[in-house]
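*Asks:* 2 is the number of the first residue of the sequence shown in my numbering; add one for each residue after it.
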Amino acid sequence: MSVTPKGLRLTVVGTGYLGLTHAVCMADLGHEVLAMDVDEEKIAKAMRGEVPFFEPGLEPLLHKHLDSGRLRFTSSYDQVGLFGDLHFLCVGTPQGAGGAADLKYLHAAVEGLTPHLTGRCLVVGKSTVPVGTARQVAERVRAVPGLEQVELAWNPEFLREGRAVQDSLSPDRLVFGVCSPWAEVMLRQAYARPLAAGVPGLAMDLETAELVKVAANAFLATKISFINAMAEVCEAVGADVLQLAEALGHDERIGRRFLAPGLGFGGGCLPKDIRAFGAVARQLEIGSVADLLGCVDAINMGRRARVVELTREAAGGSLAGRRVAVLGLAFKPDSDDVRESPSLDVCDRLTREGAVVTAHDPVAIPNAARISPVLRYADSVPATVAGADVVLHLTEWADYRAIDPAALATVVGQQTIVDARCTLDTQLWQAANWTVVRPGRR
Ligand code: UDX
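#1: Within the 8 Å Cβ cut-off, does threonine 94 reach chain D?
#2: Let me know if glutamate 152 comes out buried or exposed under the rule of 16 or more other beta-carbons within 10 Å of its beta-carbon.
#3: Taking the straight line between their C-alpha atoms, what separation do you get for alanine 139 and alanine 230?
#4: List the residues that DSSP assigns as beta-bridge partners of glycine 113.
#5: With distance defined between alpha-carbon atoms, name the residue in Glu354, Thr396 and Thr359 nearest to alanine 389.
#6: Are cysteine 423 and glycine 268 closer than 8 Å when you measure CB to CB?
#7: Taking 7 Å as the cut-off, is the CB of alanine 261 close to at least one heavy atom of ligand 1?
#8: I need the boundaries of the alpha helix (DSSP H) containing phenylalanine 55, first residue and last residue.
#9: To which residues does DSSP link tryptophan 183 through a beta bridge?
#10: Pop quiz: proline 334 and glutamate 397 are said to be a contact at Cβ under 8 Å. What is the actual Cβ separation, rounded to whole angstroms?
#11: To which residues of the same chain is threonine 427 closer than 6 Å at the C-beta, ignoring the five residues directly before and after it?
#12: According to the neighbour-count rule (16 or more other Cβ atoms, all chains shown, within 10 Å of its Cβ), is lysine 105 buried or exposed?
#13: Below 8 Å on the Cβ atoms is my contact criterion, and I expect leucine 328 with leucine 243 to pass it. Report the Cβ-Cβ distance as a whole number of Å.
#14: Using a Cβ-Cβ cut-off of 6 Å (strictly less than) and excluding sequence neighbours within five positions of leucine 30, which residues of its own chain qualify?
#15: Ignoring anything shorter than 3 residues, give me the beta strand (DSSP E) runs that lie fully in the stretch 102-181, in order along the chain.
#16: Starting from threonine 359 and walking both ways along the beta strand (DSSP E), at which residues does that stretch end?
#17: My assumption, with CB atoms under 8 Å, is that phenylalanine 259 sits in contact with isoleucine 225. Please give the rounded CB distance.
#18: Could you give the DSSP three-state label for histidine 32: helix, strand or coil?
#19: Would you list, in sequence order, the uninterrupted beta strand (DSSP E) runs of no fewer than 3 residues that lie entirely inside the stretch 241-321?
#20: Sorry if obvious, but does the Cβ on alanine 154 come closer than 7 Å to a heavy atom of ligand 1?
#21: DSSP puts aspartate 420 in a beta bridge; with which residues?
Structure representation (structure tokens):
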């Protein structure tokens with residue numbers, strides 16, 4: 002094991018969202034890091050200090066460690082094999098056929114890396130995978146002559162977009178799926194700093210480690226869909242879901258976090274991970290889990306339809322030719338990610354019903370425009386809402402909470418706002434003569 006006084010020498014394969022963040026943060030934790038991607042353009046950008054997505058705090062840290070020399074980039078597997086004895090796999094596992102995870106990038110990374118491995122080393126998977134994948138990969142690698150000393154471990158990541166640096170440097174917990182005490186020692190060295198700061202490090206078998214990640218995301222998605230299901234009940238009986246969530250959240254066993262009702266979850270992780278987990282459950286013939294996750298997904302998608310319905314009602318019964326202003330396109334605030342964005346889905350549904358949609362987002366417009374070029378985009382809130390028949394609040398950026406509703410009233414067509422994220426100050430808007438509609442309240 003080559004341990005320099007500065008830390009370990011380790012590599013990161015895949016420099017997308019997870020890999021680039023991991024590489025930068027491992028350099029910040031004191032290690033010598035070589036990050037690799039087959040996409041030469043990505044590598045060239047990273048070497049210039051450019052982060053190709055919006056993630057607060059990541060770019061300055063990338064610059065810092067390019068300057069310190071602790072972080073380097075390459076597109077060569079050969080260099081990766083020579084550089085370190087600990088190799089993190091951080092490639093994407095997108096949604097494939099029937100909702101199952103598509104493992105082609107993971108298999109390609111293993112194929113690419115293994116011919117360059119020598120001696121005793123640890124390959125550490127970080128990508129989110131169906132349970133059982135790690136052991137299959139381990140067996141495939143170990144079957145290659147000369148690679149008998151290569152071990153596999155699984156160390157899932159739990160980072161949230163918008164807080165990725167913080168989540169990587171001081172996570173809630175570290176999970177080490179290992180097959181030997183040596184692998185655990187290696188991982189404990191890699192994360193020596195957060196472990197010393199008190200972050201729990203939990204060692205377990207490969208299957209349990211893989212499951213921790215998908216079970217965590219399934220639980221979070223279920224919690225969100227639970228409160229959104231309660232929103233439906235509130236609408237039916239004239240109750241208020243925000244007051245309900247507040248009161249439920251005071252029970253310490255329940256907790257207030259991830260109990261925010263509204264438009265539901267999107268993004269690159271929760272939707273795809275619950276579908277992939279559902280596919281695994283079906284394969285394992287565990288119908289109860291498949292049904293539960295299917296229901297969580299259906300409740301979530303149902304909220305998008307409900308917001309369109311509320312908009313249609315607010316527009317007087319038909320959306321044809323009505324001007325709708327949309328605030329927020331990213332799947333959540335502090336991100337420019339529009340993958341599975343509930344907002345973009347709502348925009349598409351509105352457009353299909355004949356609405357003329359103009360949308361705003363502080364950072365996600367370029368990404369949204371690539372996916373939905375037919376939408377109109379405006380670069381300020383007043384320009385977005387000018388003349389609108391209905392305003393929709395679809396991503397809860399802090400900027401939107403800071404809007405002065407009285408000032409906006411002077412440019413809008415009709416003073417009606419659908420607060421699909423339930424985070425605006427209703428009283429403030431009503432005081433400025435706005436009609437505020439929100440899901441979960443009749
Ligand atoms: C998630 C997990 O939180 C993270 O641990 C995992 O590693 C990756 O997936 P992320 O996709 O970045 O992270 O977003 P998250 O903050 O979890 O939000 C997911 C979605 O749920 C967003 O669309 C958000 O708007 C929505 N959400 C969240 C709600 O609708 N209500 C809530 O109470 C919380």
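Think of the CB as a built atom: it goes at the ideal place given N, C-alpha and C, for glycine as much as any other residue.
*Replies:* Straight from the coordinates:
#1: Among the chains of the structure shown, chain D does not appear; only one protein chain is present.
#2: buried
#3: 41 Å
#4: DSSP lists no partner for glycine 113.
#5: Thr359
#6: no
#7: yes
#8: First-last for phenylalanine 55: undefined, no H or E at that position.
#9: Beta-bridge pairing links tryptophan 183 to no other residue.
#10: 5 Å
#11: Val437
#12: exposed
#13: Incorrect: roughly 19 Å between the Cβ atoms, too far for contact.
#14: Arg194
#15: 122-126, 151-155 and 175-178
#16: 357-361
#17: 6 Å
#18: coil
#19: none
#20: no
#21: His394
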